[in-house]
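Taking it in order: structure first as structure tokens, then the write-up.
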Amino acid sequence: MRSVSLAWAFFKVQAAHDLQYRANFVLQLINSAVALFTGLVAVSLVFQHTDTLAGWSRPELLIVMGTHIVLGGVIASLIEPNMRKLMEDVEQGDFDFVLVRPADPQLLVSIRNFRLWNLIDVVVGAVVVVSGFADLPVRGGAVRSVAFLAAAALGVVVMYCMWLILSTLTFRIVKGDEIIDLFQGVYQAGRWPVSIYPNWLRGSLTFVVPLAFAVTVPAETLSARIDPSFLVVGLGITAAVVAITRLIWRANLAKYSGASG
Amino acid sequence: MIGRYYLAQARQGLLHDLQYRTAAAFSLFGFLLEPVIYLAVWRSVAIARGGAVAGYSLDQLTAYYVVWSLVRAMNLALTPYTWEWRIQSGRLNDLLSRPIHPFHHDFAFFAGQKIVWITLWLPFAVVLWFTFRPSIEVTPLRVGAFAVAIWLAFTIRHMFQFLEGAVNFWTTRTSALFQLMVGVELLLSGRLVPLALMPGWVERLAGWLHFKWTFQYPIEALIGKLDDGAILTGLATQLLWIGVFAVAIRLVWGRAIRRYTAVGG
Amino acid sequence: MEPAPSVEVENLRRTFKVPVRSGGLRASLRALVHRQFRQVVAVKGATFRLEPGEVVGFLGPNGAGKTTTLKMLSGLLHPDSGRASVLGFEPKRRPRELLRRIGLVTGNRTSLAWDLPALDSYLMLRALYEIPKPDFENRRDRFIETLDLGELVTKPVRNLSLGERMKVELVGALLHAPAVLFLDEPTLGLDVSMQRRLRRFISDYNTEFGATVLLTSHYMADVEALCKRVMVIHRGRIHHDGELSGLVARFATHKTITVTGQLPESLEAYGQVAERTGDRVTLKVAPSEAGAVAARLLADLSITDLTIEDPPIEDVIVAVFTGAEEAT
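Chains as they are written, first to last, in the working numbering: chain Y, 1 to 261; chain F, 262 to 526; chain C, 527 to 854.
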């Protein structure tokens with residue numbers, strides 16, 4: 001499929017470029033280490049004072065945290081750079097160059113930027129997930145692991161859709177940096193299972209910024225709190241979200257080009 | 262003359278945020294979700310322990326994080342990353358050519374913005390209050406000290422980040438260092454949790470550093486965790502830290518500018 | 527049967543809604559509650575055709591409608607009414623077949639990745655336009671050599687000066703050998719020698735590949751150097767469409783005669799004196815009388831040098847605009 005080969009071509013060029021900058025590798029390592037450290041400190045602190053947090057055990061919480069870190073790495077390497085560039089382009093009038101290329105604009109703005117070293121978080125997060133999983137007394141690990149990966153993949157897709165919708169807000173009013181600040185603030189909420197939050201926030205974290213879907217649900221799949229058959233529902237939800245995102249994107253594109261009717 | 266400069270800069274900050282009010286609101290919402298997260302976690306812990314943890318009742322925890330949100334809005338300061346960009350783009354030269362120390366430029370600008378931020382914070386505080394309904398006892402001393410303490414906290418934090426920014430004059434590989442500082446602040450300022458919930462040695466370490474005077478002290482002063490004497494000595498300590506940083510800024514920035522102009526901006 | 531035109535436009539029209547903004551604290555607070563707009567007609571009924579291989583200049587002051595027209599032709603903007611066709615396609619539909627064969631370059635802007643060297647961006651462009659490897663490498667290397675880019679393409683684009691950026695940008699725009707090239711103020715902000723180089727490059731590209739080039743500019747020099755045909759646009763209307771010399775013939779209100787020699791005090795009998803220094807005078811005369819006046823000067827006076835010239839094209843353009851304003 002041309003979309004895939006195009007994305008791969010873009011990915012190769014940027015990865016090759018990033019590989020030349022070893023210093024950035026070290027920097028990212030330090031950043032990931034600091035974030036991991038503070039996260040683990042927080043979890044340890046909690047478990048110094050109690051045995052379960054709102055019904056979640058320590059290994060279960062580690063799985064949530066690890067999933068959060070993995071997803072964060074994917075967002076930072078694949079999604080955020082592209083959305084940032086999209087917002088900048090619209091603000092500075094460079095979006096025209098996207099429209100003039102022989103490729104679907106949504107595809108193009110989603111693949112043209114890629115930061116290799118942020119994938120370190122994917123590795124770090126995976127290690128945390130595995131260490132949490134190892135402490136769990138759960139059967140059927142293989143099935144659950146596959147279900148976890150599938151659920152996580154769906155989560156990535158849904159997060160991308162949310163990001164894209166947020167970014168299209170710049171077609172209208174808001175400055176891009178503040179949207180990113182907002183997102184990063186909200187994203188931190190995903191470090192803990194959504195069930196600990198008050199109802200009004202839980203609602204937002206499920207429907208507005210789908211952290212529940214992207215982080216808590218895959219984690220719950222792995223720690224046997226949810227049955228893997230939930231994946232079917234998840235697939236349906238993801239498909240619907242993708243379709244809605246496409247509609248919103250096209251509507252904004254039409255508005256940008258001053259299409260009437 | 263410096264007074265008029267401050268007024269002008271503050272007005273700039275205010276106008277800027279008025280214009281981008283939607284953006285400021287978005288930004289603020291993102292920042293203010295942080296205490297909600299911590300509050301949710303620690304309330305769960307407290308409930309599991311029967312209503313209190315490390316001397317903090319459920320009420321006090323709630324009050325802590327709600328007040329946290331205002332203190333946070335107040336202590337937001339210029340990040341040290343800005344300096345790298347300013348040096349590279351040549352903007353620094355504009356700042357250096359003014360007859361006042363570059364510190365005042367951002368400090369006044371941010372101070373002006375605080376008015377917008379406080380206004381945007383109010384509805385948020387109302388929501389939090391009605392969700393969690395903490396009850397705290399306020400006395401005139403506590404409120405008065407708090408009103409002063411949050412501005413002093415802003416000053417200390419702005420000064421510290423200003424000092425951090427000076428590092429950019431010696432190296433460009435600064436982001437790792439700043440990340441580290443953010444981590445340290447998170448743990449030692451009372452930002453993540455009240456220091457009483459930390460292991461004893463951490464609490465003692467934090468006593469020697471400035472971090473807790475930018476976060477925890479104003480909060481505890483208002484919610485009644487400190488007796489009157491401690492509140493007053495706390496204000497004095499804040500002033501002390503401001504003095505320390507003022508001296509440090511003179512020294513460090515003096516060298517930084519000398520180095521910058523020697524290398525040739 | 528004659529070949530189909532590359533670009534065909536009929537009665538193209540485009541209007542914008544522009545917010546009314548004023549500065550100051552009061553106005554900002556008022557704008558919080560009540561925003562005002564006004565209508566601006568950017569393009570009013572433009573009609574023209576470009577044949578394959580033509581290099582056409584679109585000349586006009588800022589805000590005349592040049593960029594808006596270009597955007598409608600490259601599919602970036604939908605016209606409110608009228609018809610546009612590029613290479614047989616309707617631009618607003620943005621069909622892939624069309625987009626692969628057009629190129630867009632905007633002055634003072636770059637479409638290349640900011641943090642990557644140009645060479646990396648070229649690789650991504652190659653994937654985007656599906657350019658066969660030998661063609662790609664051939665063109666890329668030739669263009670790089672012609673413009674003497676060598677090392678520049680290995681540095682991140684953000685480290686290049688404006689002139690260097692426009693050079694690498696132009697190369698990027700031509701790698702897929704577009705049949706129609708839209709250039710929007712391409713020499714904006716560049717020094718004279720860089721402007722010349724870029725013009726030369728565009729001209730050579732047109733000669734070799736037979737591409738149609740539509741160039742907008744408010745620099746006369748661009749148009750003089752590159753375009754045999756010129757369209758003058760002002761306030762959304764096209765006031766002249768034809769050869770540059772025709773523009774002069776149509777709108778020039780005078781010719782200038784410069785004489786050197788033994789000249790009397792008063793020369794009013796011959797024409798209006800524009801300039802006088804020492805033994806040299808520049809006279810303005812009606813174009814139809816230029817020849818006669820020159821003959822009289824030569825007959826009556828002791829002349830060592832005499833030149834008849836058209837007025838600078840800038841003056842002609844200004845005359846077009848002021849004439850247009852009087853007309854509307």
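Think of the CB as a built atom: it goes at the ideal place given N, C-alpha and C, for glycine as much as any other residue.
DSSP, reduced to helix, strand and coil, places C/Gly772 within a helical segment of the structure shown. At a Cβ-Cβ threshold of 9 Å, C/Val535 and C/Leu599 count as neighbours. Segment contact: the region 281-297 of chain F against the region 373-392 of chain F, three or more CB-CB distances shorter than 8 Å; contact assigned. For F/Arg310, the three-state secondary structure derived from DSSP is coil. Under DSSP, C/Ile834 shares a beta bridge with C/Ile783.
Rounded to whole angstroms, the Cβ separation of C/Met650 and Y/Ala9 is 7 Å, and the two are in contact under 8 Å. Following the DSSP letters along the chain, one finds C/Ala568 inside the beta strand (DSSP E) bounded by residues 562-576. Not a single CB atom of chain F sits nearer than 9 Å to the CB of Y/Asn82. Under the three-state reduction of DSSP, C/Val612 is assigned to strand. Looking at the DSSP output, C/Ile759 shares a beta bridge with C/Ile764. Using a Cβ-Cβ cut-off of 9 Å, F/Arg282 is close to nothing in chain Y; its nearest Cβ partner there is about 10 Å away.
A straight line joining the alpha-carbon of Y/Asp181 with that of C/Ala530 spans about 53 Å.
Between C/Val566 and C/Val544, the C-beta gap is smaller than 9 Å, which places the two residues in contact. C/Asp710 is bridged by DSSP to C/Thr632, C/Thr742. Taking 7 Å as the upper bound on Cβ-Cβ separation, chain Y lies near residues Leu630, Arg635, Ser637, Leu642, Asp646, Leu649, Met650 of the region 630-651 of chain C. As DSSP reads the structure, C/Phe584 sits in a beta bridge with C/Thr742, C/Met757.
Listed along chain Y, the residues sitting closer than 9 Å to F/Glu295 by beta-carbon distance are Gly185, Gln188, Ala189.
Separation of F/Val409 and F/Leu356 (C-alpha to C-alpha, rounded to the nearest whole angstrom) is 29 Å.
Counting along the chain, no beta strand (DSSP E) covers Y/Thr238; the unbroken alpha helix (DSSP H) around it starts and ends at 230-256. For F/Ile484, no Cβ of chain Y is located within less than 9 Å of the residue's own Cβ. Within the region 588-622 of chain C, Lys597, Ser600, Gly601, Leu602, Leu603, His604, Asp606, Lys618, Arg620, Arg622 place their CB atoms closer than 8 Å to a CB of chain Y, listed in sequence order. Residue pairing for Y/Trp56: DSSP places it in a beta bridge opposite Y/Leu53.
In the three-state DSSP reduction, C/Pro643 falls in the strand class (E or B). Between the alpha carbons of C/Leu625 and C/Leu700 lies a gap of roughly 13 Å. Counting only residues of its own chain and dropping the five nearest sequence neighbours on each side, Y/Ala151 has a CB closer than 7 Å to the CB of Val217, Pro218, Thr221, Leu231, Gly234. The C-beta of Y/Ser5 comes closer than 9 Å to at least one C-beta of chain C. By the Cβ-count criterion, Y/Pro137 is exposed, with fewer than 16 other Cβ atoms from all chains shown falling within 10 Å of its own Cβ.
In this model, Y/Val146 and Y/Ala134 are separated by some 15 Å (Cα to Cα). F/Phe476: not part of any alpha helix (DSSP H); DSSP gives it neither H nor E.
Shown here for F/Glu481: same chain residues with a beta carbon closer than 7 Å to its own, the five before and five after excluded, namely Leu487 in chain order. Rounded to the nearest whole angstrom, the C-alpha separation of C/Glu580 and C/Arg665 is 22 Å.
Excluding sequence positions up to five before and after F/Ile376, its CB lies within less than 7 Å of the CB of Leu275, all in the same chain and listed in chain order. At a beta-carbon threshold of 8 Å, none of the residues of chain C lie near Y/Ala15; the nearest stands roughly 11 Å away. In the DSSP assignment, C/Lys693 falls within the unbroken alpha helix (DSSP H) covering 688-700.
With fewer than three CB-CB distances shorter than 8 Å, the region 679-687 of chain C does not count as touching the region 116-136 of chain Y. For the region 417-451 of chain F, the beta-carbon criterion of a distance under 8 Å to any beta-carbon of chain Y is satisfied by Arg434, Ser436, Ala437, Gln440, Leu441, Val443, Gly444, Leu447, Leu448.
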